[in-house]
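One structure below.
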Amino acid sequence: MSNFRCLLLVALMASVAGASDTIRVKGGPPMIGAIVKMSPDEVVVEQGPLKKNIPVNQIVVIEYDEDPTGLSVVRSAYNEARYADTLAALKKVDAAGVKRDEIIQDIEFYRAAAASRLALGGAGSTKDAGRMLVQFEGKHSGSYHYLEACELLGDLLVSAGNIDAAQKYYDKLADSQFPELKLKANILQARALESQKDYDKAIAKYDEVISAEASTKEAQAQQYAAICGKATALAATGKSDEAIKMVEEVLSKADAADLELHARAYNALGSSYRAAGKKKEALLWYLHTDLLFSGFPEQHAEALAALADLWADADKADRALQARSTLKDRYPGSRWAQNK
Amino acid sequence: LAAQLRQILNVSPKRLADDTMEFFGCNRMQWLLNNCRRTLWCCAALAIINTTQRATAYEQVVAFVDALCAAGYYDSAIDYLDTLKSASYISDDMRASLPYRQGDVLLRQAEATNDAGVKAKLLAEAADKIRAFLQQSPPADLAAAATGRLATIEVENARSLATVARTSPASTRDSKLAEAREMFDQARKQLTSAETQFAAALDAMPKLFAAGEEDKKQQKNELAAELAKTQFALASIDYELAKTYEPGSAEAKTALGQAAERFTKLYDQYRTRGAGLIALLWAGRCQQELGDAKKALGAYQDLLELPGKSPEVRSIRAKALRQALEVWSLPEERKYEEAINRGNEWLTTETRTASNDPDGLAIRYLTALATQKHIATLNRNSADYRRGQQAALRLAKHVTRYPGEFKRPAAQLAESLGGGADSADAEPTTFAAARQRAVESLERMQNARMGRDISKQTGEEEEIALYDKQEAEAKADAVHYFKLALQLDLAGAPIEDVNSTRYYVCYFLYEGGQYIDAAVVGEYLARSFPNTAEGRQGARLAMASWVKAYTESREADKSFEMARINALADLILKHWPDQPEAAEAAATQLSFAIQQRDLDKVLSCLEQIPADNPRRADSEMRAGQALWASYLKSLFLPDEERPSEEELTKLKTKAFEILQAGVERMKEQAEGQATPTLIAALLSLAQINLEMGNTATSLEVLEDESLGPLALLRAGNPVVAENPALPVEVYKLALRAYVASDPPRIEEAERVMNDLEQAVKASGDAQASETLTRIYISLGRELQQQLDELRASKKTKELKTVSQGFETFLSRIMGRSAGNTWSSLAWVAETFFSLGSGFDDPAKGPSPDGVRYFEQAAKAYDEMLSRAASDPSFAPNPDALVGVQLRSAMCLRKLGKYDESLAKIASVLKARPAMLPAQMMGAETYQAKGAVDKEAYAHAILGGTEKDAKNQPVIWGWAKLSKLTMSDERFADTFHQSRIKMAESRYLYGRKNSDKAKGKRTINAAKEDLWITYKLYPDLGGEARSQEYNRLLVQIQRALGEKTVGLEEFRRRAAAANKAATAAAGG
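These protein sequence lines are chains A and B, in that order. The numbering of the first sequence is my numbering, which starts it at 307 and goes up by one. The numbering of the second sequence is my numbering, which starts it at 106 and goes up by one.
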């Protein structure tokens, strides 16, 4: 090996040593530098003499220079919605030697968040997950994960039927500086009301989102989600035709890559047709979610629960059984799996 | 290797570096490809070519075809070359070379596909095209190129065989590998011949070209490229041969040595061209496999130091680096730092796209591997160790996210570096990984299929079973992983990959019989991505799925499935009006429109099927028949419901025109050959002509010497004579036509009758006599229908001709002293009966002609009964005898001899009281008698006068008939018929009552009968029976002086009752 090459190797290694943290952002190259400040709204990175403020809603993931072995696996599993894998990978992370606060926050967040998401999907204890999240929320109010933790706490409380307590956490989203989170807070509140069958209030909340100004793509996605939510609530009050029309319009405008919205929209269509007594059509729309957009536990569980009934109505006992088994196997604690 | 060669073969380093104007033509084509809709490309290309000088047309054609192939649009390239056949702006030489160029495109397509079956088919097609071209004695240069292509096909086939051989059981592996080697040798001979021809042709070309000789200059360039390509292929054969031997064996080494020598020679020859650089890379690779790392690295280093930044040069450098990384990391080399440095250096300077292509992923993986090997020499607790481990892990994890050959090894490497979750055998956790597994499973499935096909040719049962098992396992894996892929996070996955995965899921759902699921996925693709291949294919699968779902549905109401089919067909017609799918969709819609009797839709669907589409003729036949059936139905409607004469004529003419057009089209498609479909169509045309009274035309069709069904049958044409159903139908139709001729052609009719009997007997049917009777009876019914049609369409003259013709013919048959059988007499009787029915007015009774025919029928039936009485073997079975007794009773009823008729029916029923047809005939006969004796209406309802041992009426009557059949679904139609007749008898009884008030009460009771039935069975047994109920109810309403709204009255009454019940429940 030539001397030059040796030097190059050393230089590369050295640059890794001084590279500090990596912030991966949406649709751009990763930013490398030292994180000097963090809040629920933004992260400040120092790159030599320059400082850059990165809004939290643009951050995909942060990798810290002193990450212990295996933490990157945890992050990628969580970001790919593999929550059981996240918890399994966390067990392999040696956290004992970790000194840096942000990394400790990360480990605690991923543990609490993965457990919560599993609990919301019906797998795992809501209480345990909630306890971990409350602890995180209390200890790390400056974490860039803070708002996501609040949202999850709200969702857990709704699933436990405690709407008023959930409201407190959703309000924190509403108070954030990001328009899409403000809208999302309203949607979450509307869904909570809907779960209590308080359809009129839910519709009013959805309408607030729908009529708000949405200048960003993220905010528009929230509006579409609100339309789907409103449609479901309308169908439940007997206005299926109106609901169907609204959702069809959403589908005609939706970005093909926004799969979660598609899952919501097809379920909304399914529920609207079902409410109108058109069971065969309903079955087809729910099948869309089952066959094409099953990567979203809440929506998939809802579709499976509906399909279990609709297949039975269509005299296909084997398919009904199959849908029910998948629902119970994959989402055993889900609200959709109850009484199935 | 082939792809690498194609990529840069004709391009010199100077051109690669400079990106000169010579590339402009290609770039413009690329722009065209990227920016125009696919269907417009050929037109756009033609427009461009039209506006250029003829001199540059040669280059343009080649460049455009290359650009289409590079974009993967091989079918468009074939279409484009087709359009050039008649183009005026290309030279005759170019025109003559078109089949060869099409063969070349097919060959490129074959090289690009992974589907073994498709590849084999494309190679065969390519070989056919090229061989056909070579038979036209083309110029020497093109002949050489074509020979080279044939050799390439041989190489591809040999390579496929070698691939199969490697996965074959040991017992056949060696023989298959030997066969592959023979094929390689054969290809080598062809290539050597092509090389000689190219060299000679190149020598014959001038060294310099004058201005305006661009075509010739381009041809020379192409020739030189072809020579290089051929020499390259020759060198690659040695490399491929080495792969057919055990690695490290003497044979493998010899072959690799020869390959290295040839590649080196090639490099020396073409140092300044892309072909030479690729040859050097492969020379290095051969040395690497021979274990000579020094020579290999020497070759790679030369390539790594190539100057320039063009994509082609960067691509070669990447390939060379990939190979060099392998060598540096070899245990005997241990140049890990060199590998790490060079790998990282490349990764930091290359674009993101390049670093994720196959070579880029290989470089990442190999760099990670070198890093792992390097840190193994360090202290595990050192910071360098930890950093190296993290760096290697990051690289390996990156590779695991992309499909390809390094995915699994990278996952294993990540695992060994402490990356945990993504082990090679664990269930995939990303879309790309799951899809990659599915694609690999598909490849295994296809290889197993190919292996099985080869084994089938040699009849090796053990291997066939093995391949079947492999295919089933691979298929199950493919289904599992494709489905799993869609359940994982799809964010960031290329939409093309996601959609192709959806398409595969759709396909496997369809294949697995889950039609509704398949329809959902296919329709989603069609609606959401109509401009993609998956969208179009999804639409086709969705349509097939809905048709299957419709067919398999056991529900009575299939309107949902039908609506989906229609909606999807509309979508297909809208998005792909010019594609074969549109014609298929229209033909499917047409079938459903026929079922729904929606004639306007039938006609509009027919218009959507292009005249040259294979489905057009068949659709015309079905549409014509549907229109004809509709015409007949309308013809027999009651006067008040029947369309006007003008409308009927229009319908009939349209039906006939469409049928005629269908037959003509089928004739064209059959190209003068008799096919079962064509014969069936001609038979249909002859039948309709006969029914329209065009007897002469009908016979012309039947007797036509070239394609007439009767002529072909008599000539023993197997298409007609050996068909199980056609001969009888042809004879029946011919018999009717001969008898209906004016004057009747009795001799020919009798000959046909004898032929018919002979045909049935010769068929070996064990129950030939019964079969013949059934045939004659059906013949009688067809005749009756024909007479009814002629009467309804007021063709009095034709009616008389047909009737008299049959009378003459039947009398002759009945009067013959010998040869009459049960069957022939049954036919005579049945046909006289049909003739009589043709002159029977339901209101007034039979005319004098009708009476005469019924008498003749009764005479024939009596003859049968009398002969059966004296000879027990005369009747084929006791049931046949009962049938004749009842038909005889029917004749007596028609002649007004009610009591005699009732006695005959009662005698049958005493032996078989539960014989429903006889019971119904008894009730009908009482009802008919009611016209002359009103008390008979009461017997029709309540039962006859003759009693059985339990003092119950032998003839039950309508009331008991309806009661006994009401709870059994199988007798639903009998039930409804009984309910209608019961109400009708009551109504007629009321009409006959001289006491108007009592009569009205009775008629009201008849209405109540109908209302009760409606309440119990609102659908009233279906559309046809509903119409009968409606018709009777209208008569009753009229008799009662009410509004004649028919069943609408009952609907309103039912709705009011429901409303009242709901209100009562609410209150």
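Each residue gets a CB set at the ideal place from its N, CA and C atoms; glycine is no exception. Please read all numbers here as calculations on a predicted model, not as lab measurements.
Residues of its chain near residue i, where Cβ-Cβ distance is below 8 Å and the 5 sequence neighbours each way are ignored
{"i": "F599/A", "result": "L565, E566, H568, A569, Y572, Q605, H606"}
{"i": "K1015/B", "result": "D1053, V1059"}
Cutoff 9 Å: residue i Cβ touching any chain B Cβ
{"i": "R388/A", "result": "yes"}
{"i": "D327/A", "result": "no"}
{"i": "D391/A", "result": "yes"}
{"i": "T375/A", "result": "yes"}
{"i": "K545/A", "result": "no"}
{"i": "S382/A", "result": "yes"}
{"i": "D621/A", "result": "yes"}
{"i": "D615/A", "result": "no"}
{"i": "S577/A", "result": "no"}
Residue i, buried or exposed, once every other Cβ within 10 Å from all chains shown has been counted against 16
{"i": "S868/B", "result": "exposed"}
{"i": "K224/B", "result": "buried"}
{"i": "N552/B", "result": "buried"}
{"i": "F697/B", "result": "buried"}
{"i": "R1075/B", "result": "exposed"}
{"i": "D343/B", "result": "buried"}
{"i": "L547/B", "result": "buried"}
{"i": "D400/A", "result": "exposed"}
{"i": "Q345/B", "result": "Per the sequence shown, the amino acid found at residue 345/B is Glu instead of Gln. Under this definition E345/B is a buried residue."}
{"i": "S521/A", "result": "exposed"}
{"i": "T157/B", "result": "Residue placement at T157/B is flagged as unreliable, the pLDDT there being 36, under the threshold of 50; a coordinate-derived value is accordingly withheld."}
{"i": "R1017/B", "result": "exposed"}
Cβ-based neighbour list, residue i, same chain, cut-off 7 Å, excluding 5 preceding and 5 following
{"i": "G1126/B", "result": "A1077, D1078, H1081"}
{"i": "A304/B", "result": "L332"}
{"i": "M438/A", "result": "R417, A418, A421"}
{"i": "D860/B", "result": "Y836"}
{"i": "A688/B", "result": "I714, P715, N718, R720"}
{"i": "A839/B", "result": "L807, L815, V857"}
Closer than 9 Å to chain A by CB, residue i
{"i": "V956/B", "result": "no"}
{"i": "T534/B", "result": "yes"}
{"i": "A674/B", "result": "no"}
{"i": "Q495/B", "result": "yes"}
{"i": "D594/B", "result": "yes"}
{"i": "F634/B", "result": "yes"}
{"i": "L591/B", "result": "yes"}
{"i": "N1163/B", "result": "no"}
{"i": "G465/B", "result": "no"}
{"i": "D602/B", "result": "no"}
Assigned secondary structure, residue i (DSSP; H/G/I helix, E/B strand, else coil)
{"i": "K358/A", "result": "strand"}
{"i": "M337/A", "result": "strand"}
{"i": "G467/A", "result": "coil"}
{"i": "T800/B", "result": "helix"}
{"i": "Q353/A", "result": "strand"}
{"i": "I1060/B", "result": "coil"}
{"i": "G455/B", "result": "Per the sequence presented here, residue 455/B reads as Glu, with Gly not at that position. The answer is coil: DSSP assigns E455/B none of H, G, I, E or B."}
{"i": "K101/B", "result": "Residue 101/B cannot be examined here, being either before or after the span of chain B that is shown, 106 to 1172."}
Own chain residues within Cβ distance below 6 Å of residue i, not counting five before or after
{"i": "L610/A", "result": "A629, T632, L633"}
* With 7 Å as the C-beta to C-beta threshold (strictly closer), list the residues of the region 579–609 of chain A near chain B in chain order. => Under the 7 Å Cβ criterion, the region 579–609 of chain A contributes K586, L590, L593, H594, L597, L598, S600, G601.
* When you check each C-beta in the region 474–505 of chain A against every C-beta of chain B, which residues fall closer than 7 Å? -> none
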